[in-house]
Amino acid sequence: MTTAPTNRTIAPDAEPTVPPTDHSNNINRGKSDVNDAPQTTVGAESTAHQTIRYLSSTVVAVTVATLVFFQFIAINPSYIAPDAAMERAFAPNAWELPTFVGFLQVIGALSLVRNANIPQLFYVNFLDSLSWINYLIRASAPSATSSTVSSIQLSPAVVGHRQLATIKSDYDASGYVSFSLRSHVSEKDWFFRLWIAVLVVLAIVLAAAVVVGVVGRLKSGRRNPFHSDSSGSHSSAQSLHSISQRLLGLCVSLFTLAYLPLGMIAMFEIRQDASLGDGFPHTNAVLSMVTLALLVALLVAGAVLVYKKTEAGLSKWQVRVIWGALYGQYEYSRRLFFVVPILVQLLSGVLVANVTASGAAPLIALIVLHALYIVLLLVLQPFRDVLQLWATVVLDVLLCAILGAAIGMTSTPLSVDTQTTLSYVIVVLVCVFVLGMLLRQLVMLWTFASGWAKPTNDDQYTGLYTANEHEMDTENGNYTVSLQGTSSHHTTPDRRTGDDDDYDVPNTIRLMDSRA
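According to UniProt numbering, the residues represented by the sequence shown are 1 to 516, in order.
Below is the structure:
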């Protein structure tokens with residue numbers, strides 16, 4: 001006799017979930033031992049992940065270098081973009097560099113955001129690889145004989161004031177601490193490392209400007225204000241002087257790109273120091289407050305100076321070549337709008353460091369901030385070029401979508417599959433964007449090279465306008481204005497033969513002070 005098998009229900013294996021991040025006082029307030037470093041990532045990074053990370057970093061670096069080159073071309077006040085919309089879309093401009101870098105700076109700042117759950121290794125490694133665009137230069141991994149951890153993880157006797165953490169604080173710097181651990185940098189050293197990186201970059205560009213300017217001055221000797229205005233004859237001294245001035249303008253652009261990281265790290269320093277309850281403020285906190293005050297003061301001073309200038313004053317060569325990258329792409333009536341994108345970047349950094357109530361809180365704050373920025377863009381439409389308007393709007397919408405995907409990884413409990421999928425979504429969106437930007441820059445390079453290689457006798461050529469370097473001389477109240485859309489090559493019928501004769505007239509008007 002056989003026995004009928006009994007029906008048994010086998011419970012399926014529970015779906016694995018991601019362990020939550022340790023937000024205890026031991027981690028955030030420095031009570032742990034050196035060997036108790038928190039687990040900052042889960043999962044593994046395959047060879048394919050590493051390849052994608054290296055390639056994306058290379059693509060970003062090449063794209064930024066190309067954008068800097070086009071920025072250098074476009075900030076020349078003598079440069080005039082083509083009239084045709086299609087040609088203008090692929091001509092050098094002064095707005096793509098800050099737009100592209102600003103987008104990636106917010107993405108890179110996600111490395112320092114408070115994580116509700118321990119993130120995937122390939123995801124945070126990808127974000128950390130963008131830290132250089134925020135002027136955050138990571139250290140190399142320590143040798144096997146030594147270990148470097150965040151100063152918050154060291155014992156009180158080793159580090160000092162940040163370890164006196166008996167006070168209860170709601171401030172959570174776990175994202176900042178985890179980033180420091182992965183970067184092998186003491187967390188309280190970031191403020192000085194950041195300032196050093198910014199100053200080194202500015203010093204290199206400034207030194208190049210000084211050297212080129214001195215060489216140009218030596219070549220020119222005693223400058224004659226009544227030199228020939230022929231657009232076809234430019235002395236090397238004039239060209240060198242123009243290059244020197246544009247390098248100074250590039251310094252202004254590079255410093256504005258430091259607003260987000262400076263604001264973010266300064267706020268981290270202030271909040272951490274304030275939450276200790278032991279002799280606030282200490283040196284780092286004081287310097288951080290000075291930094292924030294300096295950033296705001298420079299922005300306000302720039303707005304006041306631009307507001308007081310007339311349209312003719314802002315159009316002067318000497319003013320535009322250095323400061324034109326700030327206001328040049330805006331309508332004169334909307335010239336003060338240049339403050340808004342810089343302020344958005346500054347506030348983005350401050351929100352990342354200041355809003356730590358939950359994993360989703362800083363991300364929601366960033367979405368609200370950039371949504372308000374999009375509304376302002378659509379309502380005011382401040383740009384001269386409609387392409388810049390829609391490119392900026394689309395890019396901020398993409399940024400909000402990426403931040404929304406990041407919010408999806410803050411729910412608890414969170415399955416490993418869901419976290420991995422959302423991590424892939426963010427990485428793929430960023431990679432597609434940077435690859436598209438690289439392809440665009442290659443097309444622009446080809447267009448630019450074609451413009452330089454145009455035949456001199458081709459009247460039908462409609463490529464890029466050449467830069468009139470003779471407009472650089474603005475001393476003694478003199479400056480010149482190029483007439484956009486005009487040509488210096490004309491024909492007129494001969495009175496005797498009726499044939500059309502060619503003659504050249506300049507397409508530039510020189511305004512001269514009668515008192516000079």
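Just so it is clear, CB atoms sit at the ideal spot from N, CA and C, and this is done for glycine as well. It should be emphasised that the depicted structure is a prediction, and the values quoted were computed from it without experimental measurement.
Would you list the residues sitting across from Thr17 in a DSSP beta bridge?
Ser415
Nearest residue (CA-CA) to Glu311, options Leu299, Gly324 and Ala301:
Gly324
Per DSSP, which residues does Val42 bridge with? Please list them.
Gln120
Assuming Ile118 and Thr41 form a contact by the criterion Cβ under 8 Å, report the distance between their Cβ atoms to the nearest whole angstrom.
6 Å
Please name the residue in Pro382, Thr392, Arg246 and Val427 whose C-alpha comes closest to that of Ile402.
Val427
Spell out a yes or no on whether the segment 256-271 and the segment 183-200 are touching, meaning 3 or more CB-CB pairs, one atom from each, closer than 8 Å.
yes
Simplified DSSP state of Tyr79, which is helix, strand or coil
In the structure shown, Tyr79 sits in coil (DSSP, three-state: anything other than H, G, I, E or B).
Could you say which of Pro20, Ile243, Val113 and Ala208 lies nearest to Val350 if we only look at CA atoms?
Val113
Roughly how many whole angstroms lie between the Cα atoms of Val290 and Thr47?
Going from the Cα of Val290 to the Cα of Thr47 covers about 44 Å.
Rounded to the nearest angstrom, what separates Thr166 and Ser275 at their Cα positions?
Confidence in Thr166 is poor, its pLDDT being 42 and thus under 50, which makes the residue's placement unreliable; the coordinate value appears in the next sentence. CA-to-CA, the gap between Thr166 and Ser275 works out to about 10 Å.
For Gly328, the nearest candidate out of Leu314, Val339 and Gln318 (CA to CA)
Leu314
Examine the Cβ distances between the segment 121-140 and the segment 45-61 and report whether three or more of them are shorter than 8 Å.
yes
In angstroms with no decimal places, state the Cα-to-Cα distance between Val18 and Leu414.
6 Å
Backbone CA spacing between Val344 and Leu435 [nearest angstrom]
25 Å
Measure the alpha-carbon distance for Asp189 versus Ala209 and round it to whole angstroms.
30 Å
Would you please state the rounded distance, in angstroms, between the beta carbons of Ala94 and Ile80? I believe it to be under 8 Å.
About 13 Å separates the two Cβ atoms, so there is no contact after all.
Go through its chain and collect everything with a Cβ distance to Ala139's Cβ below 8 Å, but skip five positions before and after it.
Same-chain partners within the cutoff: Thr148, Ser183, His184 and Val185.
Is the CB-CB distance between Gln71 and Leu97 below 9 Å?
yes
To the nearest angstrom, how far is the alpha carbon of Thr421 from that of Ala353?
26 Å
Give, in chain order, every unbroken run of the beta strand (DSSP E) that is at least 3 residues long and sits entirely within the segment 423-450.
Complete beta strand (DSSP E) runs here, min 3: none at all.
Between Leu55, Ala406, Pro20 and Leu247, which has its C-alpha nearest Val321's C-alpha?
Leu247
Would Leu429 pass as a contact of Leu398 if the rule is Cβ separation under 9 Å?
yes
Give the secondary structure of Asp36 by DSSP, where H, G and I count as helix, E and B as strand, and everything else as coil.
The pLDDT assigned to Asp36 is 44, lower than 50, so where the model puts this residue is not dependable; a value taken from the coordinates is nonetheless given after this. Reduced to three states, the DSSP call for Asp36 is coil.
So, at 6 Å on beta carbons, what are the nonlocal neighbours of Ile367 in its own chain, with the 5 sequence-adjacent residues on each side left out?
Cys400 and Leu403
Helix, strand or coil for Tyr171, going by three-state DSSP, please let me know.
coil
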